[in-house]
Amino acid sequence: MTATLDGTRTGERAPLAVQSFSTISNVLEIPSLIKLQLDSFDWFKREGLRELLNELSPIQDFTSTKMDLIFGEYEFREPKHSQEECRERDMTFSAPLFVDVELRIKDSGEIKEQRLFFGDFPLMTDRGTFIINGAERVVVSQLVRSPGVYYTVETDVQSGQRLANAKLIPSRGAWLEFETSAKRILSVKIDRKRKLPVSVLIRTIDEPGLLPGDHDNPAFAKYFAAQKRLDEEGTAAAEKARDAARRECEKVLGTDDRVLAFFEAVDVEGDLSYLTATLGRREGGRNNDPCENKHEALLELYRKIRPGDPPTHENARSLVNQLFFNPRRYDLGRVGRHKLNKRLALADATDQRWLRPIDLIELTRELINVNLGRSGTDDIDHLGNRRVRAVGELIQQQFRIGLVRMERVVRERMTITDPAEATPSALINIRPVVAAMKEFFGGSQLSQFMDQTNPLAELTHKRRLSALGPGGLSRDRAGFDVRDVHHSHYGRICPIETPEGPNIGLIGSLATYGRLNDFGFIETPYRRVISEMASDDPKLVGRETREDVTDADGKVIAAAGTVVDKRTATRLKKAGLRVPVQAVVADEVTYLTADEEDRFVVGQANTRVGEDGRVLDERVEVRVNEEFKLVAPHEIDFLDVSPKQMVSVAASLIPFLEHDDANRALMGSNMQRQAVPLVRPEAPLVGTGMEGRTAIDSGHVLVAEGAGEVIEASGT
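Here it is in structure tokens:
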């Protein structure tokens, strides 16, 4: 609509001339703004559900002698009702889930197969929402502490000593909390139960083969022979013989000498030794650890964890296996294993998600190193130690709860059902699974009624990150540190957009270019800066050398400031040298997590770059960890891709954001979401370039799936 001079309106819109005043070129296209939601739900449908069914298979009866129930392939069929129909009739937009189930009868060897209906599973719409009972809901992503090991240091008030603590947090299972006392005694709490010396735990997990000389020790010869037989045959009889041989070794394992030998490389000698103090074997000192070997340590551990129960060796052995070495009870998760291996410099067992004896030994070694100041501590607010559980993982967790409840029913039915008459459909009751999913979508703190005030409000809701919810923080217990802006948030979580009330800092928003990696850590993109090139790199021709390049005899091949031509490149190639060149910004874009970024020097997006990619500024403002410095161009590793990358979508819609006070920008970001949408949308007089992308990804704009020409519009 355009207005004429006499105030009347004509039927046509005046074309808007858009003029860009941007001084920074657009290096990287902004990714889909609801990719986080869509990708995560897609992962659940492809891999997450498969993981769960594999984890649960096979379900056996209580005696493990009658039958096995195994889950096979699954499929989501077409939804019964369309999205529009579900909205109008207050229904849930869902698809029927069918799973192939196989029942194996052990005595007869009979196999019964059925494809069973596992309930109607809520589906995500292409706008990243769920329609539950006719209302659109969003599952907010949760920001939680990653599984793994964390070391912290406290200063003892009386002695002024550095006392290190460690926490081993699994994805599922018992927490281990290690402490150091002022008397240098190392102790551990298992699942917040009573404290016991670390040496007792080390004794209980001691195995033949953990020390270098074990293979030559005649006391372990029988065990190694039985283990070899088990590896070759893999039979139940061979496993039984191996376990019997291991039990015979128990009185030789876990002795003081073996415990001290595990830590002799890191522990100091004499009166300052942490393990000597923990064992309490000093003259005149108190005996902290009353055990002599693994046999006694198992009983001691059982007494501490199950006080009141009469301890037997079988019960104690079973308890330790259930606590740490049973994948059904203890799961570090893929992320936990990755973080543990990274922190303790373990290269092997990347797929093993339960604990191993060597993990606990290395963890204690590192605790001694932190106590002695040889190793650093971990910052629990750093985004390298916090990960995002998106919608797919949250649904997987809830679905697991339903399946575990169902498993209990199946096992009870297996015990009382005659194997000849049993069928998969008679054993399985899907009600607990359906109830668990209803409970999640209808009542979870993270499943929220979508904010539909305007398109920006919807989009922001889908990109929200919450530290609250099950397994997260509570607003009453959260202190200032966890709410504060952290240097690792740069390019990952917006430092501006957060609520103003009691949830301040606990609810944030994903930054414009932020994305999740396979482990759930937030990555942000950077442009690589090259200041050194291999002599055989074809791109070397045309580059200017930064300093003199000399061969092995000290003869100058190319002086500083030389533009490398083909002849010079050939001479450099023969010398096989790395050539220092003037800093050039490469075309490649690299995504970095917060802990990877800490190793690099990162420049700002407004650094002046020539058409040939050369950095033009003599000194460049950069970030190194949480410090800001001015450095020469050749010291830079990466450059930001855009000034928008540090803020969220809502904050990036504010023109001249850099001139605003942070508190006012926060209010502006939040109040934009409360604006009343126009019946006839109009372009803003001053924009930031994010408006179009925001409108498209909000799902409120009709977008053709293929390229073409619009020849007619039938609506207004």
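Residues in the sequence shown are numbered from 122 upward in steps of one, following our numbering.
Every residue gets a Cβ at the ideal spot worked out from N, C-alpha and C, and that includes glycine.
Quick one: grab the DSSP three-state call for Gln569. Taking the first residue of the sequence shown as position 1, residue 569 is located at position 448. Of the three classes helix, strand and coil, the one that applies to Gln569 here is strand, per DSSP.
Option nearest Ala398 by Cα separation, candidates Glu199, Arg305, Ile832 and Gly600: The sequence position of residue 398 within the sequence shown is 277, counting from 1. Among Glu199, Arg305, Ile832 and Gly600, the Cα nearest to that of Ala398 is on Arg305.
Distance between beta carbons of Val222 and Phe192, contact taken as under 8 Å: Along the sequence shown, read from residue 1 onward, the residue named residue 192 stands at position 71. Along the sequence shown, read from residue 1 onward, the residue named residue 222 stands at position 101. That belief holds up - the Cβ atoms of Phe192 and Val222 are roughly 6 Å apart, short of 8 Å.
For Leu823, which of helix, strand or coil comes out of DSSP? Taking the sequence shown and counting its residues from 1, the one referred to as residue 823 is at position 702. Here Leu823 sits in coil by DSSP.
With a threshold of 16 other CB atoms inside 10 Å of the CB of Asp327, please say whether the residue is buried or exposed. Mapped onto the sequence shown, residue 327 falls at position 206. By the neighbour-count rule (16 or more Cβ atoms within 10 Å), Asp327 is buried.
Less than 6 Å between C-beta atoms, sequence neighbours within five positions excluded: which residues of the same chain meet that for Pro553? Within the sequence shown, residue 553 is the residue found at index 432, counting from 1. Same-chain partners within the cutoff: Gly523, Arg526 and Met527.
I'd like to check one pair, Ile516 with Val260: are the Cβ atoms closer than 9 Å? In the sequence shown, residue 260 corresponds to position 139, counting from 1. In the sequence shown, residue 516 corresponds to position 395, counting from 1. Yes, they are a contact pair.
Contact the segment 327-344 vs the segment 365-373: 3+ CB pairs below 8 Å: yes
What do you reckon, are the CB atoms on Leu159 and Phe197 nearer than 9 Å? Working through the sequence shown from its first residue, we reach residue 159 at position 38. Working through the sequence shown from its first residue, we reach residue 197 at position 76. No, Cβ-Cβ distance for Leu159 and Phe197 is not below 9 Å.
Beta strand (DSSP E) segment containing Thr301, residue limits: In the sequence shown, counting from the first residue as 1, residue 301 sits at position 180. Unbroken beta strand (DSSP E) run through Thr301: Leu297 to Thr301.
Below 7 Å CB to CB, which residues in the same chain sit around Met571 once its five sequence neighbours on both sides are set aside? Numbered from its first residue, the sequence shown carries residue 571 at position 450. Around Met571: Thr250, Glu257, Arg258, Val259, Glu579 and His582.
Within 10 angstroms of the Cβ of Met654, are there 16 or more other Cβ atoms? Answer buried if so, exposed if not. Numbered from 1 along the sequence shown, position 533 holds the residue referred to as residue 654. It is buried - the Cβ of Met654 has at least 16 other Cβ atoms within 10 Å.
Just grab the DSSP bridge partners of Arg508 for me. Looking up residue 508 in the sequence shown gives position 387. Bridge partners of Arg508: Val265.
What are the residues that DSSP puts in a beta bridge with Asn286? Reading the sequence shown from its first residue, position 165 is the one you call residue 286. Per DSSP, Thr273.
Taking C-beta to C-beta, are Glu487 and Arg464 nearer than 9 Å? The count along the sequence shown starts at 1 and reaches residue 487 at position 366. The count along the sequence shown starts at 1 and reaches residue 464 at position 343. In this structure, Arg464 lies closer than 9 Å to Glu487 by Cβ.
Rounded C-alpha distance that separates Arg477 from Gly454: Along the sequence shown, one-based indexing puts residue 477 at 356. Along the sequence shown, one-based indexing puts residue 454 at 333. The alpha-carbon atoms of Arg477 and Gly454 are separated by roughly 14 Å.
Can you tell me whether Asn409 is buried or exposed, with buried defined as 16 or more other CB within 10 angstroms of its CB? Counting from one through the sequence shown, the residue named residue 409 turns up at place 288. Classification of Asn409: buried, given that the 10 Å Cβ count is 16 or more.
Suppose the cutoff is 6 Å on Cβ atoms and the five residues either side in sequence are ignored; what does the same chain contact list for Ala117 look like? Since the first and last residues shown for the chain are 122 and 837, residue 117 lies out of range.
Taking the Cβ atom as the reference point for each residue, do Arg604 and Gly626 lie within a distance shorter than 9 Å? Stepping through the sequence shown from its first residue, residue 604 is reached at position 483. Stepping through the sequence shown from its first residue, residue 626 is reached at position 505. Yes, these two residues count as a Cβ contact at 9 Å.
Tell me the rounded alpha-carbon separation between Ser141 and Asn147. Start at 1 with the first residue of the sequence shown, and residue 141 comes out as number 20. Start at 1 with the first residue of the sequence shown, and residue 147 comes out as number 26. C-alpha separation (whole angstroms): 12 Å.
Can you name the residues that DSSP bridges to Thr671? Counting from one through the sequence shown, the residue named residue 671 turns up at place 550. DSSP lists Val677 as partners of Thr671.
Please classify Gln473: is it buried, with 16 or more other beta-carbons within 10 angstroms of its beta-carbon, or exposed? Mapped onto the sequence shown, residue 473 falls at position 352. Exposed.
Considering only residues of the same chain and omitting the five flanking positions on each side of Asn436, which have a CB-CB separation below 7 Å? Translated into positions along the sequence shown, residue 436 becomes position 315. Excluding sequence neighbours, Asn436 sits near Tyr423.
In the structure shown, what three-state DSSP assignment does Thr691 receive? Residue 691 sits at position 570 when you count from the first residue of the sequence shown. Looking at Thr691 - three-state DSSP - the assignment turns out to be helix.
Report the option in Leu137, Val220 and Ala303 whose CA atom is closest to the CA atom of Asn175. Sequence index remark: in the sequence shown, residue 175 carries index 54 (1-based). For Asn175, the nearest C-alpha among the options comes from Val220.
For Tyr272, the nearest candidate out of Gly497, Phe239 and Leu157 (CA to CA): Locating residue 272 in the sequence shown gives position 151, where the first residue counts as 1. The shortest Cα separation from Tyr272 among Gly497, Phe239 and Leu157 belongs to Gly497.
Can the beta-carbon of Asp669 be found closer than 9 Å to that of Leu698? Against the sequence shown, residue 669 aligns to sequence position 548. Against the sequence shown, residue 698 aligns to sequence position 577. Not in contact: Asp669 and Leu698 (Cβ atoms no closer than 9 Å).
Comparing alpha-carbon positions, which option in Leu577, Ser546 and Val512 lies nearest Leu637? Indexing the sequence shown from 1 puts residue 637 at position 516. Out of Leu577, Ser546 and Val512, Val512 has the C-alpha closest to the C-alpha of Leu637.
Spatial neighbours of Val838 within its chain, please: CB distance less than 6 Å, with the 5 preceding and 5 following residues excluded, ordered by chain position. In the structure displayed, the chain extends from 122 to 837; residue 838 sits before or after that span and is not available.
Pairs of beta-carbons, one from the segment 701-708 and one from the segment 724-744, closer than 8 Å: are there three or more? yes
Going by C-alpha distance, which of Asp719, Gly734, Leu713 and Gly663 is nearest Val700? Residue mapping note: residue 700 aligns to position 579 of the sequence shown, counting from 1. The shortest Cα separation from Val700 among Asp719, Gly734, Leu713 and Gly663 belongs to Gly663.
Length of the line joining the Cα atoms of Val321 and Ala783: Counted from its first residue, the sequence shown places residue 321 at position 200. Counted from its first residue, the sequence shown places residue 783 at position 662. Looking at the two C-alpha atoms, the distance is approximately 53 Å.
Own chain residues within Cβ distance below 6 Å of Gly820, not counting five before or after: Taking the first residue of the sequence shown as 1, we reach residue 820 at position 699. Within the same chain, Gly820 has close Cβ partners Arg248.
Anticipated Cβ contact below 8 Å, Arg649 with Phe759, distance rounded: Looking up residue 649 in the sequence shown gives position 528. Looking up residue 759 in the sequence shown gives position 638. The Cβ separation is near 6 Å, so the contact holds.
Which residue wins for smallest C-alpha separation from Lys660, given the options Gly734, Gln348 and Ala556? The residue given as residue 660 occupies position 539 in the sequence shown. That would be Gly734, whose Cα lies nearest to the Cα of Lys660.
How far does the alpha helix (DSSP H) with Val98 in it reach, from first residue to last? Because residue 98 is not part of the residues shown, which for the chain are 122 to 837, the question remains open.
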